[in-house]
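Encoded as structure tokens, the structure appears first; notes follow it.
In the UniProt record's numbering, the protein residues as written are 1 to 395.
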């Protein structure tokens, strides 16, 4: 029977990251020397985690590559190939991320193949996989997620009182059918007029009134990206405030951006991102328009669903992943580790021990540390006092 293995993730130092959130979770001194944006836990080739076995540290990607069926299980290999199909992260945003969306599975496969076959095709994709994702807040978390009702967005933009935005307002007044035109107009705004437009937006946003929250957001984003029409695209989206334990779900084609806070994120193991503004990086407007789904999202917030005593999940319609939150109290007996197949256990609070059900040596998981449970380990238990998140393949 395979052992549960300690797992060490990789911290990515993107400029928007926090110097205190991940360090604080792990009990390290803060502020850190550089921004710490994401803690990657998985086998993604961009930054695979390391597991510690009997022979010392080894890449989780290499471990899986040497024994895919033992590590992942035959069913996972048959469906997804010899790769861990999900990537788990701790995300800590001190500043807004770019507006972005991800292609669906069929489109990603076609677009990547076309790109690889023709060097003249823009290099928008890093792999052939889709990247649906979900984030569960660990702290109060602010985000933009999904298109809100176009008539509300029209009123917000119209209240700025800028006559040259009339075509955008008119497109939005046409309802959901006009969302594409509104986004196209904004992202195709003449480059030599963008700085002046955003400066006018900042002046107009100081007026307060019914839409003060949206206008304050525009002014804040403009302070960071003073020549970026994504400042106005952001006003077409839901501005979401998550309490700890609430989640947002980003399926294919959903335009979104994280603004601030720390959360646990889980996604299909891909790095395919199409940007839509709030970034110095290239925005391929036509490709983004092909990928976006111009649908109104009624309620972007997911609430947890209890599945067993002390265990919650957030159901989403994908096969690559499921995410569970487990809380162990002093009075609770050891709990069965939720999920099936290869699992990653991330500590959030307290001391939790991950062990094989029969005679395995327990692995201690403390805040910001993790353990990897191969598929061939089979049933395992959680004991101790604390809180963990468990990533698994959906059953």
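All residues carry an ideal CB built from backbone N, CA and C; glycine is no exception.
Open item on the list: Short of 6 Å in beta carbon distance, which residues of its chain neighbour residue 363, apart from the five on each side in sequence? Order them along the chain.
Closed with: For the purposes of this step, residue 363 is taken as the residue at position 363 of the chain shown. Correct list, in chain order: 4, 6, 354 and 371.
TODO: Would you mind stating whether residue 74 and residue 259 have Cβ atoms separated by less than 8 Å?
DONE: Walking along the chain shown from the start, residue 74 turns up at place 74. Walking along the chain shown from the start, residue 259 turns up at place 259. Against a cut-off of 8 Å, the Cβ pair of residue 259 and residue 74 comes out as no contact.
Task: As assigned by DSSP and simplified to three states, the class of residue 483 - done: Outside the shown range of the chain (1 to 395) lies residue 483, about which nothing can therefore be said.
Open item on the list: Going by C-alpha to C-alpha distance, which of 343, 349 and 192 sits closest to residue 51?
Closed with: For the purposes of this step, residue 51 is taken as residue 51 along the chain shown, with counting starting at 1. Ranking the options by Cα distance to residue 51, first place goes to 343.
Task: Cβ shell of residue 203 (< 6 Å), same chain only, five flanking positions each side left out - done: Numbered from its first residue, the chain shown carries residue 203 at position 203. Nothing meets the Cβ criterion.
- [ ] Counting only runs of 4+ residues fully inside the segment 264 to 337, write out the alpha helix (DSSP H) ranges in chain order.
- [x] 285 to 291
Open item on the list: What does the Cβ neighbour count give for residue 161, buried or exposed, with the cut at 16 atoms within 10 Å?
Closed with: The count along the chain shown starts at 1 and reaches residue 161 at position 161. Exposed: under 16 other Cβ atoms inside 10 Å.
Open item on the list: Which complete beta strand (DSSP E) runs does the segment 193 to 268 hold, if anything under 3 residues is left out?
Closed with: 237 to 242, 247 to 250 and 256 to 268
Task: Reduced DSSP secondary structure (H/G/I, E/B, other) of residue 128 - done: Counting from one through the chain shown, the residue named residue 128 turns up at place 128. Note: residue 128 maps to coil in three-state DSSP.
- [ ] Could you check if residue 325 is buried or exposed, using at least 16 other CB atoms within 10 Å of its CB as the buried criterion?
- [x] Mapped onto the chain shown, residue 325 falls at position 325. Residue 325 should be labelled buried.
Task: Closest by C-alpha distance to residue 251, when choosing among 351, 9, 321 and 43 - done: Locating residue 251 in the chain shown gives position 251, where the first residue counts as 1. Nearest C-alpha to residue 251: 321.
Task: Beta bridge counterpart(s) of residue 365 as assigned by DSSP - done: Position 365 of the chain shown, counted from the start, is the residue given in the question as residue 365. Answer is 352, bridged to residue 365.
Open item on the list: Just verifying my parser: in three-state terms, what is the DSSP assignment at residue 357?
Closed with: As a working mapping, residue 357 is identified with position 357 in the chain shown. Bear in mind that a pLDDT of 48 at residue 357, under 50, signals an unreliable position, so the number given afterwards is only what the model happens to contain. Three-state DSSP puts residue 357 in coil, outside helix and strand.
TODO: Just mark residue 240 as buried or exposed, buried being the case when its beta carbon has 16 or more other beta carbons within 10 Å.
DONE: The sequence position of residue 240 within the chain shown is 240, counting from 1. Residue 240 should be labelled buried.
Open item on the list: I'd like to check one pair, residue 217 with residue 186: are the Cβ atoms closer than 8 Å?
Closed with: Residue mapping note: residue 186 aligns to position 186 of the chain shown, counting from 1. Residue mapping note: residue 217 aligns to position 217 of the chain shown, counting from 1. Not closer than 8 Å, so no.
TODO: Rank 386, 88 and 106 by C-alpha distance to the C-alpha of residue 323 and give the top, closest one.
DONE: The residue labelled residue 323 in the question sits at position 323 within the chain shown. Of 386, 88 and 106, the residue nearest in Cα terms is 88.
Task: Residues bridged to residue 89 [DSSP beta-bridge criterion] - done: For the purposes of this step, residue 89 is taken as the residue at position 89 of the chain shown. Residue 89 pairs with 40 and 265.
- [ ] Determine whether the Cβ of residue 163 lies closer than 8 Å to any Cβ atom of chain B.
- [x] In summary, chain B is missing from the structure at hand, where a single protein chain is found.
Open item on the list: Using CA atoms only, rank isn't needed, just tell me which of 268, 40 and 279 is closest to residue 318.
Closed with: Position 318 of the chain shown, counted from the start, is the residue given in the question as residue 318. Closest option to residue 318, Cα to Cα, is 268.
Open item on the list: Taking the alpha carbon of residue 148 as the reference point, which residue from 254, 228 and 117 has its own alpha carbon closest?
Closed with: Along the chain shown, one-based indexing puts residue 148 at 148. Residue 254 is the option with its Cα nearest to residue 148.
Task: With 16 other Cβ atoms within 10 Å as the buried cut-off, status of residue 118 - done: Within the chain shown, numbered from 1, the residue matching residue 118 stands at position 118. Looking at its Cβ environment, which holds fewer than 16 other Cβ atoms inside 10 Å, residue 118 is exposed.
Task: Nearest-angstrom Cα separation, counted from residue 69 out to residue 15 - done: Stepping through the chain shown from its first residue, residue 15 is reached at position 15. Stepping through the chain shown from its first residue, residue 69 is reached at position 69. Rounded to the nearest angstrom, the two C-alpha atoms are 38 Å apart.
TODO: Tell me whether residue 358 is buried or exposed, calling it buried when 16 or more other Cβ atoms sit within 10 Å of its Cβ.
DONE: Here residue 358 refers to the residue found at position 358 of the chain shown. Because the pLDDT of residue 358 is 48, which lies under 50, any placement of that residue in the model is unreliable, and the question is left without a value.
- [ ] Go ahead and label residue 244 buried or exposed: buried means 16 or more other beta carbons lie within 10 angstroms of its beta carbon, across all protein chains shown.
- [x] Taking the first residue of the chain shown as position 1, residue 244 is located at position 244. Classification of residue 244: exposed, given that the 10 Å Cβ count is below 16.
TODO: With a 10 Å radius around its C-beta and 16 neighbouring C-beta atoms as the bar for buried, classify residue 199 as buried or exposed.
DONE: For the purposes of this step, residue 199 is taken as residue 199 along the chain shown, with counting starting at 1. The residue is exposed, with fewer than 16 neighbouring Cβ atoms inside 10 Å.
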